[in-house]
Amino acid sequence: MAQELMLMKNIWSTVKRINNRKTLSSSQTFSSQDTRAIISKRKRFDGSGLSQKNTVDVSHEERLTFAATHSKTAVLGYVQSSQEGLTEREVINHRARYGTNYIMHKREKSPVHQLIEAFINPFTAILFVLAIISGLNDVVFPLLSMFDQTPDDCSYTTVVIIVVMVTISGLLRFIQELKSNNAVHQLMVMIKTTCSVLRKGDTDQPTNEQLVHRETAVREIPLDELVVGDLIYLSTGDMVPADVRLIETHDLFVNQASLTGESEPAEKIAATQAHQASVTDYVNIAFMGTNVISGSGWAIVVSTGIHTLFGSMTRALDEKDPQTSFAKGVNAVSWVLIRFMLVMVPIVLMINGFTKGDWVAASLFAISVAVGLTPEMLPMIVTTCLAKGAVLMSKKQTIVKNLNSIQNFGAMDILCTDKTGTLTQNDVVLEYHLNIHGEDDLHVLRSAYLNSYFQTGYKNLMDAAIIKKTEEVESADKELEDLSEAYTKLDEIPFDFKRRRLSVVVRGSEGSTVMVTKGAVEEMLSICTQVRDEDAVKDLTAEVKTKILHMVSCLNDRGFRVLALAVKDNPSPVGAFNVSDECSMCFLGILAFLDPPKESVASTLAALRSHGVTTKILTGDNTQVTRTICKAVGLEVSSILEGSDIEDLSDTQLCERAQTTTVFAKLTPEQKARIVRVLRECGHTVGYMGDGINDAAAMKQADIGISVDSAVDVAKESADIILLQKDLGVLEQGIIGGRKTFANMVKYIKMTASSNFGNVLSVLISSAMLPFLPMQSIQLILLNLIYDLSCTAIPWDGVDREMIERPRAWNASSIGKFMICFGPISSIFDVLTFAVMFLVICPLCVSGGIVWWDLPSVYSGAQLTNVRAAYCMLFQTGWFVESMWSQTLVIHMIRTSKIPFIQSNASWQLTLCTSCAIALLTLIPFSPLGAVLGLCPLPLIYFAYLAICVLLYMVLTTLCKKLYIHHYGELL
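Counting from 1, position 709 in the sequence shown corresponds to residue 785 in my numbering; the numbering is continuous, with no gaps.
Laid out in structure tokens, this is it:
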């Protein structure tokens, strides 16, 4: 067992040196002799005599229990793996045997299921009901000779047309949703969350060439390609990709609150455990979905995908996602229209039933009115807008993980972000390695290298800069040669955000032990009692502290990030190191790093301000560096709030201070999350942009979490939006794209709501005043369907600059105001059309100038019936065409606060669709289809009236827009 442990340590140490994905020193190599020596020591385990029963059949708990309570050798045999990892051939076999490492957070719907769901919504259901009633009235009752009807009255036309409408509506939604889902899946592929896995070649006996290139065995693979039996490497910031048995750990702490609810990180060790009451009690097991807080380790994958603890919990949970504010808003609008329909339909039914006497026709017409009130295309329009917006944003290097988050993206009025890589170039360079006298000192650089090279946690840019600087100067100074070979790592005290430092314990070739600690200057001085002055060690006096702090302050004022370095000879015995050893240390010197500000940041911050987004910097860095960088990029800093100040503030006090403070410095992750939370409670829509493990908590508290593709796994998993480039300029384009998407959805909802409201008012007026139905049910439904089809181009419409200048939050109450203001405008011209058609055009073209009431005095019998039918048909045709013109023109009138066709034009897609819709419904009365639908050709005098009516309609709508904007401050 001791040999096996030593073997794994050698493997881990070598692989870490050559392929640690968190370092930037990828140029490091090792000799083929070293490689052969390591490989020659390895042996394959056969499972220590375990029976080869089908391990897939055992339960998840049994698998984890076996893994936790048996030795590493037994576990490797249990999952049919080895200390060298799996070959590609074995990976294929294990994937077929144990399944993929994929969890469907929602059950994937088949195309057939999606097709069925496309027809299941309240709006399409109304069309189905109408088809059934029409089938009874036009087919069943005549065939059965019921209600004074005969088989000669049987007609399939209405039923066929309604079924065609239902089919078109459902298929259109199905096609759009299918395309949207495919687009989202393609975008998600662009977001790579990977893990480090150790695999070997397909041959059991490696060739010399394979031995030389052994570093290719450790590779980064997508999480879903992981299989049972894989050996994986975990380090700070990683998401645990499966349920794993730890076989080697180095100060490994895992946050498993998502599974167990524990607030504090749990320390994990590799030792074999005794039986526990619950699988979550095993400290040598790490679970899928948890994340590494600090330290590192190697592990064997025991369970993947749905067979993990996380997978079993996911299956047991309700799959229904919580509603976003946008989804609630859309549903609220839908139910407003449905409730309005439930009130209006009985009124229309009663009025037409009592006044006309034909209750069947009145029922059909009332249901047609209900169809006119409900926007059948609303689900499809919303889905298309969101998917179209996501695709457009992807072209701006912005990937949308959650489509509904687009609304929050557009509504965001405060952006919280870190400093490094956002305001700065994210290209850290070690400029100085100074002793206490401000002189470059190779001894400081040497100790810094040992700390950065041998630490196993998340190597940040400063660690990479230290290693790079050392490599640059080692060729000129023999003191820095082969440091990694001359020292052996013994232990490590990982970094945390409370201590703000990290310690590594190493043993030199001469046998001496030294602890090297690197961290924030103030925290480092607090644990030091001595100072190295050239070759002597002296007491750290207050005078020397003042000198060091003055030097650091000068560097901070110049924009340098400064870390301090200290050492302690011969600390506690091996295996007993802990935080308490970080005391009575000897201060060596300081490291000064420079990360220059980006040239484009100043203009980008100004652009964000012009779009109504306030940028706030939340950083763990010190005040002076942050102030200098902010000043360089033109970010006004009136006051800075530090983490220590926040601790003394209540939430109410912090809310007041946070709204007026631009920069927050020296923050812990918990303080970042608290600031975001109180800003949201103040009524702001807050976005948080981060890429580190210390940003994950704040991202979860934000309305919208924003991360980058190069972020640590836990940050990407917490994000709603992922930028392929960490640049505020990219973020600005994403915000604009989100606002355009939201604006187009609001357009459709408000246009349709106001138009439908106006139509219902017109129907009520006509039903009370006219002796016949103003429009047949089939005509009303066709009109509504063609209008909705013309609206399908709205997602491709342009948006005026005024609509994206400031954040826009969902406001369901504005729908009612908009309906009441603009709905009656169309009713005014509908009533005018009723009067002109009923009193002027119909008498002139049908009855020789005789109005409806006087027809019985001139005509009688069949002649009277025919004249009345022609009178009614011409009237219905006139309103049918006028309604289409007014409904379609309202799209162009209301889509912009400017004068349409002059100051603002719709996109060519929307213009083409609306023009085709108007042309189609204007020409239908002159086609054979017109007679089938109960329409007739219109006289030339009608079009003269229509031109005047449309012109007046546009003028009145423009005036109402001006009044509405003056009163409410905005149109949409």
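Backbone N, C-alpha and C fix where the C-beta goes; we use that ideal spot for every residue, glycine too.
Limits of the unbroken alpha helix (DSSP H) element including Gln606: Taking the first residue of the sequence shown as position 1, residue 606 is located at position 530. First-last for Gln606: Cys604 to Asp609, but that is the beta strand (DSSP E), not the alpha helix (DSSP H).
Identified DSSP bridge partners for His60: Summary: the structure shown does not reach residue 60, with the chain confined to residues 77 through 1048, and so no result is reported for it.
First and last residue of the uninterrupted beta strand (DSSP E) at Arg295: The residue labelled residue 295 in the question sits at position 219 within the sequence shown. Looking at the DSSP string, the run of the beta strand (DSSP E) that includes Arg295 is Val294 to Pro298.
Residue interval of the beta strand (DSSP E) (run including Leu274): Along the sequence shown, one-based indexing puts residue 274 at 198. Counting along the chain, the unbroken beta strand (DSSP E) around Leu274 starts and ends at Thr270 to Leu274.
Local conformation of Thr325 per DSSP, three classes: Walking along the sequence shown from the start, residue 325 turns up at place 249. In the displayed model, Thr325 falls within a strand according to three-state DSSP.
Inter-stretch contact at 8 Å, needing at least 3 Cβ pairs: the segment 905 to 912 / the segment 952 to 964: yes
Segment limits, beta strand (DSSP E) that includes Leu725: Looking up residue 725 in the sequence shown gives position 649. First-last for Leu725: undefined, no H or E at that position.
Exposure label - Lys344; buried when at least 16 CB within 10 Å: Position 268 of the sequence shown holds residue 344. The residue is buried, with at least 16 neighbouring Cβ atoms inside 10 Å.
Exposure label - Pro673; buried when at least 16 CB within 10 Å: For this step, residue 673 is matched to residue 597 along the sequence shown. Flag for Pro673 reads buried.
Spatial neighbours of Val677 in its chain, beta-carbon cut-off 7 Å, leaving aside the 5 residues before and after: Within the sequence shown, residue 677 is the residue found at index 601, counting from 1. Leu499, Val709 and Leu804.
Residue nearest to Phe386 in terms of C-alpha spacing, selected from Val155, Ile624, Leu140 and Leu566: By one-based count along the sequence shown, residue 386 stands at place 310. Of the listed residues, the one whose Cα sits closest to Phe386 is Leu140.
Distance CB(Ile811)-CB(Gly381) smaller than 8 Å: Here residue 811 is taken as the residue at index 735 of the sequence shown, counted from 1. Here residue 381 is taken as the residue at index 305 of the sequence shown, counted from 1. No.
Three-state secondary structure assigned by DSSP to Ala113: Position 37 of the sequence shown holds residue 113. Confidence in Ala113 is poor, its pLDDT being 32 and thus under 50, which makes the residue's placement too unreliable to answer from.
8 Å Cβ cutoff met for Gly211 and Val235: In the sequence shown, residue 211 corresponds to position 135, counting from 1. In the sequence shown, residue 235 corresponds to position 159, counting from 1. Going by C-beta atoms, Gly211 is nearer than 8 Å to Val235.
Contacting residues, own chain, Cβ-Cβ under 8 Å from Gln161 (five flanking each side not counted): Looking up residue 161 in the sequence shown gives position 85. A small correction: the amino acid at residue 161 is Gly; Gln does not occupy that position in the sequence shown. Non-local C-beta neighbours of Gly161 in its own chain, meaning closer than 8 Å and more than five positions away in sequence, comprise Val273, Leu274, Arg275, Lys276, Ala293, Asp306 and Leu307, ordered along the chain.
Terminal residues of the beta strand (DSSP E) in which Val784 lies: Your numbering for residue 784 matches position 708 in the sequence shown. Its beta strand (DSSP E) spans residues Ile780 to Val784.
Thr546 versus Ile475, Ile970, Arg522 and Cys1036, residue with shortest Cα-Cα distance: By 1-based counting over the sequence shown, the position of residue 546 is 470. Thr546 has its Cα closest to that of Arg522, out of Ile475, Ile970, Arg522 and Cys1036.
Residue range of the beta strand (DSSP E) that includes Tyr309: One-based indexing of the sequence shown puts residue 309 at position 233. Counting along the chain, the beta strand (DSSP E) containing Tyr309 begins and ends at Leu307 to Ser311.
When Val620, Tyr309, His136 and Leu684 are compared against Arg882, the one with the closest alpha-carbon: Residue 882 sits at position 806 when you count from the first residue of the sequence shown. Nearest C-alpha to Arg882 among Val620, Tyr309, His136 and Leu684: Leu684.
Sub-8 Å separation of Ile369 and Val419 beta-carbons: Sequence index remark: in the sequence shown, residue 369 carries index 293 (1-based). Sequence index remark: in the sequence shown, residue 419 carries index 343 (1-based). Taking 8 Å as the cut-off, the beta carbon of Ile369 is found no closer than this to the beta carbon of Val419.
Separation of Phe894 from Thr1034, as counted between CA atoms: Indexing the sequence shown from 1 puts residue 1034 at position 958. Indexing the sequence shown from 1 puts residue 894 at position 818. The alpha-carbon atoms of Thr1034 and Phe894 are separated by roughly 14 Å.
Same chain, Cβ closer than 8 Å to Asp278, five either side skipped, listed in chain order: Within the sequence shown, the letter at position 202 stands for residue 278. The pLDDT assigned to Asp278 is 45, lower than 50, so where the model puts this residue is not dependable, and the model offers no usable value.
Contact under 8 Å by Cβ, Asp516 with Leu694: For the purposes of this step, residue 516 is taken as residue 440 along the sequence shown, with counting starting at 1. For the purposes of this step, residue 694 is taken as residue 618 along the sequence shown, with counting starting at 1. Cβ atoms of Asp516 and Leu694: not closer than 8 Å.
Thr459 to Gln852 span [Cα, whole Å]: Taking the first residue of the sequence shown as position 1, residue 459 is located at position 383. Taking the first residue of the sequence shown as position 1, residue 852 is located at position 776. If you take the alpha carbons of Thr459 and Gln852, they lie about 32 Å apart.
According to DSSP, residues forming a beta bridge with Leu641: Walking along the sequence shown from the start, residue 641 turns up at place 565. Note: Leu641 sits in a beta bridge opposite Lys594 and Gly665.
Opposing strand residues paired with Phe636 [DSSP bridges]: What you label residue 636 is simply residue 560 of the sequence shown in a count that begins at 1. According to DSSP, Phe636 bridges with Leu670.
DSSP state of Glu343 mapped onto helix, strand, coil: Residue numbering aside, residue 343 sits at position 267 when the sequence shown is read from its first letter. In this structure, Glu343 counts as strand in the three-state DSSP scheme.
Per DSSP, the bridge partner or partners of Glu586: As a working note, residue 586 is residue 510 in the sequence shown. Note: Glu586 sits in no beta bridge, so no partner.
Those residues which DSSP pairs with Phe740 across a bridge: Counting from one through the sequence shown, the residue named residue 740 turns up at place 664. Leu694 and Leu717, per the DSSP bridge assignment.
Per DSSP, the bridge partner or partners of Lys565: Locating residue 565 in the sequence shown gives position 489, counting from the first residue. DSSP output for Lys565 lists Val582 as bridge partner(s).
Minimum C-alpha distance to Ile978 - residue among Met1030, Ala945 and Ala1023: Working through the sequence shown from its first residue, we reach residue 978 at position 902. The shortest C-alpha separation from Ile978 is found at Met1030.
Residue from Leu462, Asp779, His626 and Ser794 with nearest C-alpha to Ala772: Against the sequence shown, residue 772 aligns to sequence position 696. If you compare the alpha carbons of Leu462, Asp779, His626 and Ser794 with that of Ala772, the shortest gap goes to Ser794.
For Ile1024, the three-state DSSP class (helix, strand or coil): For the purposes of this step, residue 1024 is identified with residue 948 of the sequence shown, where counting begins at 1. The three-state reading of DSSP puts Ile1024 in helix, counting H, G and I together.
Same chain only: Cβ atoms within 6 Å of Ile115, ignoring 5 sequence neighbours per side: Here the question's residue 115 lines up with position 39 in the sequence shown. Only weak support is given to the placement of Ile115: the predicted model assigns it a pLDDT of 29, under 50, and the value that follows is read from those uncertain coordinates. So no residue of the chain qualifies.
Pair within 8 Å by beta-carbon distance, Phe833 and Cys1036: Translated into positions along the sequence shown, residue 833 becomes position 757. Translated into positions along the sequence shown, residue 1036 becomes position 960. For the pair Phe833 and Cys1036, the CB atoms are not nearer than the 8 Å cut-off.
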